[in-house]
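What follows is a set of notes on a single structure, which appears directly below.
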Amino acid sequence: MSNDVLVLAERINDRISLVSSELCNIGRKLADEKSGSLIALLLGGAGTKDLAKGLIALGADKVIVAETEILAGYNNAAYTQVVDTAYKEISPAIFLVGCTSVGRDIAPRIAFRNGTSFANDCTELSLEDGMLAAVRPVYAGNALSHVRSKTEAATASIRMKAFSLADEDKSRIGEMGEISVSIEAGALRTSYIETKQVEAEGVRLEDAEYVVSGGRGLGGAENFEQLEKLAKLLKAAVGASRAAVDAGWAPTHMQVGQTGKIVSPMLYIAVGISGAMQHMVGAGPSKNIVAINTDPDAPIFQRARYGIVGDYKKVIPALTEKFEKLLKN
Amino acid sequence: MDIIVCVKQVLDHDIPPRDFKVDEENLTVVPPANVSPVISNFDEYAIEEAILLKEAHGGKITVLTVGGNSAKDLLKKCLAMGCDEAVLLQDEAFEGSDPFGVARILAGAVKKLGTFDIILCGRISSDLSQGATALALAEALDIPSASQLIKIEVNGDTFRCERVLEDGEEVVEIMTPCLLTVSNEINNPRLPSVKGILMASRKQIPTWGTSEVDVDAATVGAAGSTLELTRLYKPDLSGNCEFIEADSLEEAANKLGDRLREDKII
Numbered sequence: 001m002s003n004d005v006l007v008l009a010e011r012i013n014d015r016i017s018l019v020s021s022e023l024c025n026i027g028r029k030l031a032d033e034k035s036g037s038l039i040a041l042l043l044g045g046a047g048t049k050d051l052a053k054g055l056i057a058l059g060a061d062k063v064i065v066a067e068t069e070i071l072a073g074y075n076n077a078a079y080t081q082v083v084d085t086a087y088k089e090i091s092p093a094i095f096l097v098g099c100t101s102v103g104r105d106i107a108p109r110i111a112f113r114n115g116t117s118f119a120n121d122c123t124e125l126s127l128e129d130g131m132l133a134a135v136r137p138v139y140a141g142n143a144l145s146h147v148r149s150k151t152e153a154a155t156a157s158i159r160m161k162a163f164s165l166a167d168e169d170k171s172r173i174g175e176m177g178e179i180s181v182s183i184e185a186g187a188l189r190t191s192y193i194e195t196k197q198v199e200a201e202g203v204r205l206e207d208a209e210y211v212v213s214g215g216r217g218l219g220g221a222e223n224f225e226q227l228e229k230l231a232k233l234l235k236a237a238v239g240a241s242r243a244a245v246d247a248g249w250a251p252t253h254m255q256v257g258q259t260g261k262i263v264s265p266m267l268y269i270a271v272g273i274s275g276a277m278q279h280m281v282g283a284g285p286s287k288n289i290v291a292i293n294t295d296p297d298a299p300i301f302q303r304a305r306y307g308i309v310g311d312y313k314k315v316i317p318a319l320t321e322k323f324e325k326l327l328k329n
Numbered sequence: 001m002d003i004i005v006c007v008k009q010v011l012d013h014d015i016p017p018r019d020f021k022v023d024e025e026n027l028t029v030v031p032p033a034n035v036s037p038v039i040s041n042f043d044e045y046a047i048e049e050a051i052l053l054k055e056a057h058g059g060k061i062t063v064l065t066v067g068g069n070s071a072k073d074l075l076k077k078c079l080a081m082g083c084d085e086a087v088l089l090q091d092e093a094f095e096g097s098d099p100f101g102v103a104r105i106l107a108g109a110v111k112k113l114g115t116f117d118i119i120l121c122g123r124i125s126s127d128l129s130q131g132a133t134a135l136a137l138a139e140a141l142d143i144p145s146a147s148q149l150i151k152i153e154v155n156g157d158t159f160r161c162e163r164v165l166e167d168g169e170e171v172v173e174i175m176t177p178c179l180l181t182v183s184n185e186i187n188n189p190r191l192p193s194v195k196g197i198l199m200a201s202r203k204q205i206p207t208w209g210t211s212e213v214d215v216d217a218a219t220v221g222a223a224g225s226t227l228e229l230t231r232l233y234k235p236d237l238s239g240n241c242e243f244i245e246a247d248s249l250e251e252a253a254n255k256l257g258d259r260l261r262e263d264k265i266i
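Taken in order, these protein sequences are the chains called P and E. All the letters of the first sequence, read from the start, carry residue numbers 1 to 329 under our numbering. All the letters of the second sequence, read from the start, carry residue numbers 1 to 266 under our numbering.
Structural data, given as structure tokens:
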């Protein structure tokens, strides 16, 4: 086993994903503490090599690229095979991925296959006596657990937005390497067909400065219109709780929560949302939460900076009007 | 179509946060009195999907769980919903297993059951949220997997599946035998029928331990676990909410706007 830290960076269309930057940042710190190198791995189709250079600016000492058509779309069998080849070549002390639909689909396989520990969805990482230690929210955020790897080699996935981004330094120098991929599509038992990307109307939830979110308390799909009016004014994204999505009032990609999106706006306006722990996993990183709910005991108020107890049907139109005035000035 | 569903018994995820208690000394969660354990949330969708597949294509559904005696109630519920058989995997040696240990036990049980077409699991457990057991099980059995699915279509021995992503959906094809994990968008789990409950009450649920399941005892249980829990506590979540009060809600909204402007949030 080396002292190196290996991170699995990800490509989203023509850019490196933000969680890759978080991975490089925490990976750099851990590699320095271990006196090892930070090695970043990037897989993808055409153009991946060019993008991969950006990982050196984010702190990687070495970048390993696998660029081939079969990796253009995500395929668990193909990706696992390539990542495992790189893993075995480097034999890292620590392997980190983002807790994304790609990272959490690969890391448990790599960890199990190579006999390492695995900690999912970590919000903090450190070394304790040379072993990887992590903080993980459990019971949908009702409790925090601190865990320590019992195996010397450790694997972990990090929660998006839980770590700060790496400072980009374009003058950094590093080594570029390649991994040759010899996978025959016919030999794989899974194949990638296509991605249906949902283009968010207006502002993307993950990037929004303001989010207006509705829950079970809205009472119906048609009532999201009131929120949309307020959102338009604030250039905000509209979100929903899982209860609202399960009821069919809002589409899946609007869901904020443990299995939906994690948002970190300046202001999160929660309307008719009780604040179940799994929702707060997604809304928790918001800098300020305003809650509007008829139930004064709703847990959302424990997390809010300001609260109004009452019917949102009266509050939201008045608030929209008020914001209209404020934003004119 | 032979389907195996793996489920986990967890603390009821719907209990209010104020009833959620942690014994920090013993690093455990204290279940509130009179609250029975439930099937982990996403696993219920796996059970429902198995029943839907069986209704459309015929076959047999076997449910597996690793746990104590109380897990039998959960298995009864799965049978009452429409599953055919259930096996409880219980042994002192299994206690304290981490997800990888559970995967090894499940793999041993799957091998004992013989052939199967698909294994269905929930995408992540609602208690420890490791999301590792299912994928490690696929790894242990050397079968392909597709995770967090919102749609499964059968085309002979190939399945066309849709995975939910951060920003859309991805379509993949996978050959059987395979392991699939499901997300909550995939279906609406049914409640057991009265007839189902009656039928389930008459069914025997066998228990398999280390003498029935071929597994290396050193790689399961607390000793085989790869993570050590060093602390468990409730996070401090008091946001010191300021309730905006006024004679009318319209006025309260007005005041809220002013406060947000003073704070330079708007």
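Don't be surprised by glycine CBs; every beta carbon is placed ideally from N, CA and C.
Report the CB separation of T65 (chain E) from P99 (chain E) in whole angstroms; it is logged as a contact under 8 angstroms. Not really, about 14 angstroms apart at Cβ, beyond 8 angstroms.
Buried/exposed call for A80 (chain E), threshold 16 Cβ in 10 Å: With 16 or more other CB atoms across the displayed protein chains lying within 10 angstroms of its CB, A80 (chain E) is buried.
Do you know how far the Cα of A250 (chain P) is from the Cα of A146 (chain E)? Whole-angstrom Cα-Cα distance: 25 angstroms.
So R104 (chain P) contacts chain E; which residues on that side make the cut at Cβ distance below 7 angstroms? G131, listed in chain order.
Tell whether a beta-carbon distance below 7 angstroms holds between A187 (chain P) and V147 (chain P). No; because the gap between Cβ atoms is not below 7 angstroms, this pair is not in contact.
Which of helix, strand or coil does DSSP assign to V83 (chain P)? Correct three-state label for V83 (chain P): helix.
What are the residues that DSSP puts in a beta bridge with T195 (chain P)? Bridge partners of T195 (chain P): E:E170.
Work out the CA separation of G59 (chain P) and D32 (chain P) for me, nearest whole Å. If I take the Cα positions, the gap works out to 11 angstroms.
Rounded to whole angstroms, what's the CA-CA distance from A33 (chain E) to K21 (chain E)? Just pull it up for me. The alpha-carbon of A33 (chain E) is positioned some 11 angstroms away from that of K21 (chain E).
Helix, strand or coil for N25 (chain P), going by three-state DSSP, please let me know. Helix at N25 (chain P).
Using 8 angstroms as the Cβ pair cut-off and three pairs as the minimum, do the stretch 254-263 of chain P and the stretch 281-298 of chain P touch? The answer is yes - the stretch 281-298 of chain P touches the stretch 254-263 of chain P, with three or more Cβ pairs under 8 angstroms.
Neighbour list for Q226 (chain P) in chain E, Cβ cutoff strictly below 8 angstroms: Result: empty, since nearest Cβ-Cβ is about 13 angstroms, beyond 8 angstroms.
When DSSP labels each residue in this structure, what does A107 (chain E) get in the three-state scheme? Three-state DSSP puts A107 (chain E) in a helix.
State whether the stretch 142-159 of chain E contacts the stretch 175-184 of chain E, with contact taken as three or more CB pairs (one from each stretch) at a distance under 8 angstroms. Flag = yes, the stretch 142-159 of chain E and the stretch 175-184 of chain E touch.
Rounded separation between A72 (chain P) and R109 (chain P) - CA only: Between A72 (chain P) and R109 (chain P), the alpha-carbon positions lie close to 21 angstroms from each other.
Cα separation between T294 (chain P) and L326 (chain P)? Using only the alpha carbons, I get a separation of about 26 angstroms.
Contacting residues, own chain, Cβ-Cβ under 8 angstroms from K49 (chain P) (five flanking each side not counted): Counting only Cβ-Cβ distances below 8 angstroms, and skipping sequence neighbours, we find V65, E67, M176, E178.
Does the CB of P144 (chain E) have a neighbour CB from chain P at under 7 angstroms? Closer than 7 angstroms: yes.
Decide if the stretch 199-214 of chain E is in contact with the stretch 85-100 of chain E; the criterion is three or more beta carbon pairs, one per stretch, under 8 angstroms apart. The stretch 199-214 of chain E, when compared against the stretch 85-100 of chain E, does touch it at the 8 angstroms Cβ threshold.
Leaving aside the five residues before and after I197 (chain E) along the sequence, list all residues of the same chain whose C-beta is less than 7 angstroms from its C-beta, in chain order. Correct list, in chain order: A80.
Can you tell me where the alpha helix (DSSP H) holding M81 (chain E) begins and where it ends? Where M81 (chain E) is concerned, the enclosing alpha helix (DSSP H) stretches over 71-81.
Quick check on E48 (chain E) - is its C-beta less than 7 angstroms from some C-beta in chain P? When Cβ-Cβ separations below 7 angstroms define contact, E48 (chain E) makes no contact with chain P.
I'd like to confirm the pairing. Which residues does DSSP put opposite W208 (chain E) in its beta bridges? Beta-bridge pairing links W208 (chain E) to E:L89.
Measure the Cβ-Cβ separation of S157 (chain P) and V83 (chain P) and say whether it is below 7 angstroms. No, Cβ-Cβ distance for S157 (chain P) and V83 (chain P) is not below 7 angstroms.
Within a Cβ cutoff of 6 angstroms, which residues of the same chain sit near Y306 (chain P), ignoring the five residues on either side of it in sequence? Around Y306 (chain P), the same chain offers V290 as residues with beta carbons nearer than 6 angstroms, after the five sequence neighbours per side are excluded.
If I measure Cβ to Cβ from L267 (chain P) and keep anything under 6 angstroms in the same chain, skipping five residues before and after, which residues do I get? Cβ within range, chain order: Y210, N288.
Three-state secondary structure assigned by DSSP to V7 (chain P): The answer is strand: DSSP assigns V7 (chain P) an E or B state.
List the residues of chain E that P299 (chain P) touches, going by C-beta distances under 9 angstroms, in chain order. From the beta-carbon of P299 (chain P), the residues of chain E found nearer than 9 angstroms are P16, P17, R18, L237.
How should G58 (chain E) be labelled, buried or exposed, when 16 other C-beta atoms within 10 angstroms of its C-beta is the threshold for buried? With fewer than 16 other Cβ atoms within 10 Å, it is exposed.
Less than 6 angstroms separating the Cβ of A93 (chain P) from some heavy atom of the ligand HEM? As presented, the structure is devoid of all ligands, the ligand HEM included, so that no description of it is given.
If you check the beta carbons only, do F116 (chain E) and D2 (chain E) fall under 7 angstroms apart? Their beta carbons are under 7 angstroms apart, which means F116 (chain E) touches D2 (chain E) by this criterion.
Give, in chain order, every residue of the stretch 180-202 of chain P whose Cβ lies closer than 7 angstroms to some Cβ of chain E. Listed in sequence order: R189, T190, S191, Y192, I193, E194, T195, K196, Q197, V198.
Are the stretch 232-249 of chain P and the stretch 190-204 of chain P touching, with three or more C-beta to C-beta distances below 8 angstroms? Yes, they touch.
Using the rule of at least 16 other Cβ atoms within 10 Å of the residue's Cβ for burial, across every protein chain shown, is V35 (chain E) buried or exposed? Here V35 (chain E) is exposed. Its C-beta has fewer than 16 other C-beta atoms within 10 Å.
Contact check, Y87 (chain P) vs G217 (chain P) under 8 angstroms by CB: the rounded distance? Their Cβ separation, rounded to whole angstroms, is 47 angstroms, which puts Y87 (chain P) and G217 (chain P) out of contact at 8 angstroms.
Please state whether the Cβ-Cβ distance between N76 (chain P) and T190 (chain P) is less than 7 angstroms. In this structure, T190 (chain P) lies closer than 7 angstroms to N76 (chain P) by Cβ.
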